[in-house]
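Colleague: Just passing along the structure, written as structure tokens.
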Amino acid sequence: MNEPRPSQPTSDRGPIDLSGIVLANDIRGRAGETLTVEIARALGAAFADQLDAPALIVAHDMRLSSPELSQAVIDGAVRRGAIVADAGLSSTDQLYCASGQHQAAGVMVTASHNPGGDNGFKLCLPGARPVGRDSGLEETRRAAEAYLEAGEIPVRGEGRAEGIDTLEDYAVALQALVPLPEGRRVRVVVDAGNGMAGHTAPTVLGTLPQVELIDLHFALDGSFPNHPADPLRPENLRDLQTAVVREGADLGLAFDGDADRCVVLDEQGMAVPPSAITALIAQREIARALANGQERPVVVANLVSSRHVAETVRDAGGEHLRTPVGHAAIKTIMAERDAVFGGEHSAHYYFRDFHFADSGMLAALHVLAALAETDGTASALVAAHSPYAASGELNSHVTDAAGARERVRTHVAAWPGVSTDDLDGLTVQHWDEDMPSQDRWWFSLRSSHTEPLLRLNVEAEQAATMVRIRDEILTLAQSEGDSEVEDDAEDAAPGTPPEPAEAAGARSAPVDAAAAPSAEGSESAAALPAGASGADVPGWVRSILRCPDCGGELRDVERALQCMLCARVHTVEDGIPVLIAGRQQAPASR
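Rendered as structure tokens:
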């Protein structure tokens, strides 16, 4: 924190360019390097200039740089006449709630799930309306650059700052939106990852008599001493998986750094795909809207969500609408269509009654309520919502992402029975009820908003079909010679860690070092040379295959691949690795 900060840029140093940190949906950079106090002050002033009314709420997360950057935003906004309510420590959805309740614009200082050295801003207009590149973020960037080039921020009006406490109102609002039924008490472990859920969960969940809250990593610490606050990576779920099993909990909840995203684990410590949670909540919100007299409620989901989401929405009596990836787009479309609910593959969930904003905690309350309404387990509750095999999001590092996508488009155009569309990239569908099950599949191939990447998602009715389409499209996308492929997370700032495969059952098994046998201790699968499994896939594809149960690396054994972490064995059938979570149990230890 005491490292020198770059001095404020002035016009004699040349033009200022903030395009490297002002992204499609938010602002993110390295604190003290690409995002300095001076830049934060200029952005605060520039955002205040865009507002029709002076009211502005500024909040921040627990990152080490957040208080300083938050104060800089406040200082800049006050210089331009803003009446700033300083909300202090807050989750992002807590800020959205305050923006909606007070009809004030908002700035949340956070870098979400990014590493601890990063920071950034999420902006919203009054009523938690989103601010993205096409809705004010570009204008804010240009105005901030002008202030930095001029070397000063002129004083306008009579701005001021005062404190505000928003936590209690936030908790009351969420509890009113999803009341939990009486009767069953749900035992839940929450892993805050040393992020803002450690601030909000005790007030929202810990005060409910229907919830027995077991806290994990609740101490606010921007250095993230236990694990990164990114619950989409399997390795960051291991503490929670162990705790859920150890405590005999009904459920596990993992939040990211600013607590606007929530990943759900069942009672076995297995992660539930976000699309399954989208389908579950969609059913509940549609039923509530229908009961209130609304006809055919609209539910939105981004285009890489599972096909099952659309099927669930239609079966429940709603209208399904596909959207591009990104919170600014999905919030705008929800407001335009008065959608009751929205979900993304990245575990963001949006609610009409929460100002069309996303809230991980509100999604968690829905899951808790749905479970409390039954006598069964969480795994039984979500069992019907993961019927298909999915690849998860795979990134290809390419020199010409647009050219590679067009190469794929030309290739698949000759395939009979396919349909394509260009919503946020290229989507190709080959799925009809009259087709044999093995012929039903679809994929999405879209460019990253921030890097020269192609992001591929494949889903099919059968796992073998998914693998075949995945490998063919990846090979084609890499045909210019680029061969680095990884499974990755949502569109985010450069360096964002990857997300696990959201497969049909891509659900992480509990990791128990004392109970899970090592690969060497397994009687059922002795170590064999590479290739002994018979997996007939390209070498670079083999290198990225991971265990769908825990995300561990796989080694070759006879006619199978075995996880080196949890020791589960996954068969190879006709040269194709069948990687379906829960299909095989870990072999008994000696």
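Residue numbering for the sequence shown follows my numbering, starting at 3 and increasing by one per position. Positions of the beta carbon are idealized from the N, C-alpha and C atoms, including for glycine. Please read these numbers as outputs of a predicted model, since none were measured by experiment.
1. Just confirm the distance between the C-beta atoms of A318 and Q285, as a whole number of angstroms; I'd bet it's less than 8 Å.
2. Roughly how many whole angstroms lie between the Cα atoms of A26 and T112?
3. Y351 by DSSP, collapsed to three states: which one?
4. Count Cβ pairs between the region 82-89 and the region 52-63 that sit closer than 8 Å; are there 3 or more?
5. Since M110 sits in a beta bridge, which residues does DSSP pair it with?
6. What did DSSP end up calling Q189 once you bin it into helix, strand or coil?
7. Within 10 angstroms of its Cβ, does E154 collect 16 or more other Cβ (buried), or is it exposed?
8. Does DSSP put G345 in a helix, in a strand, or in coil?
9. Take L91 as the anchor and find which of H62, I471, E461 has the nearest alpha-carbon.
10. Count the other CB atoms, across all protein chains shown, that sit within 10 Å of the CB of D434; report buried if there are 16 or more and exposed otherwise.
11. For my contact list, F226 and G118 are in at a C-beta cut-off of 8 Å; report their separation, rounded to the angstrom.
12. Suppose you measure from the CA of E170 to the CA of G536; what does that come to, to the nearest Å?
13. Please identify the residue among S361, L242, N116, G108 whose C-alpha is closest to the C-alpha of A79.
14. Got a sec: is the Cβ-Cβ distance from A48 to anything in chain C below 7 Å?
15. T467 to D441, Cα distance in whole Å?
16. Pull the bridge partners of V571 from the DSSP assignment, please.
17. I need the DSSP call for D77, collapsed to helix, strand or coil.
18. Taking 6 Å as the limit between beta carbons, can you name the residues of its chain near A130, skipping five residues before and five after?
19. In chain order, which continuous runs of the alpha helix (DSSP H) of length 4 or greater are located wholly inside the region 236-306?
20. Assuming G122 contacts L45 (C-beta within less than 8 Å), just tell me the rounded distance between them.
21. For the alpha helix (DSSP H) that contains L383, what are its first and last residues?
22. Excluding five sequence neighbours on each side, which residues of the same chain lie with their C-beta closer than 6 Å to the C-beta of D77?
23. May I have the straight-line CA-CA distance separating L20 from A251, to the nearest angstrom?
24. What residue from G197, V157, I279, R298 has the CA that sits closest to S307's CA?
25. Apart from the five residues just before and just after R162, which ones in its own chain have a Cβ nearer than 8 Å to its Cβ?
26. Reducing DSSP to helix, strand and coil, say where P132 ends up.
27. Got a sec, what are the start and stop residues for the beta strand (DSSP E) L593 sits in?
28. Can you list, in chain order, the residues of its chain whose CB lies under 7 Å from that of L127, leaving out five sequence neighbours each side?
29. Take A89 as the anchor and find which of A74, V24, T168 has the nearest alpha-carbon.
30. Go through its chain and collect everything with a Cβ distance to V75's Cβ below 6 Å, but skip five positions before and after it.
31. For N4, count the other beta carbons within 10 Å of its own beta carbon; 16 or more makes it buried, fewer makes it exposed. Which is it?
32. The beta strand (DSSP E) that contains T422, what's its start and end?
33. Leaving out five residues on either side along the sequence, give the residues of the same chain with a beta carbon under 6 Å from the beta carbon of V460.
34. Sort out for me which residues DSSP pairs F445 with in a bridge.
35. I'd like to know whether the C-beta atoms of L456 and V400 end up nearer to each other than 7 Å.
36. Look at the alpha carbon of S520 and the alpha carbon of Q564, and state the distance between them as a whole number of angstroms.
Modeller: In this structure, then:
1. 5 Å
2. 16 Å
3. strand
4. yes
5. A61, K124
6. Residue identity check: residue 189 is Arg in the sequence provided, not Gln. DSSP places R189 in strand when its eight states are reduced to three.
7. exposed
8. strand
9. H62
10. exposed
11. 5 Å
12. 58 Å
13. G108
14. Considering every chain present, this structure includes no chain C. It has just one protein chain.
15. 7 Å
16. Q564
17. helix
18. Y98, S101, G102, H357, A359
19. 240-249, 276-293
20. Actually they are not in contact, since the Cβ atoms of G122 and L45 sit about 10 Å apart, beyond 8 Å.
21. 380-384
22. R43
23. 47 Å
24. I279
25. V80, I85, V86
26. strand
27. No answer is possible for residue 593: it lies beyond the span of the chain, which begins at 3 and ends at 592.
28. A107, V133
29. T168
30. A42, G46, V60, V109
31. For N4, the predicted model reports a pLDDT of 36, less than 50, meaning its position is unreliable; a value from the coordinates is still stated below. By the 10 Å Cβ count, N4 comes out exposed.
32. 421-423
33. S393, F445, M468, I471, R472
34. V430, V460
35. yes
36. Low local confidence applies: a pLDDT of 31 at S520 is under 50, so the model's placement there is unreliable, with the coordinate-based value given in what follows. Computed Cα separation, rounded: 10 Å.
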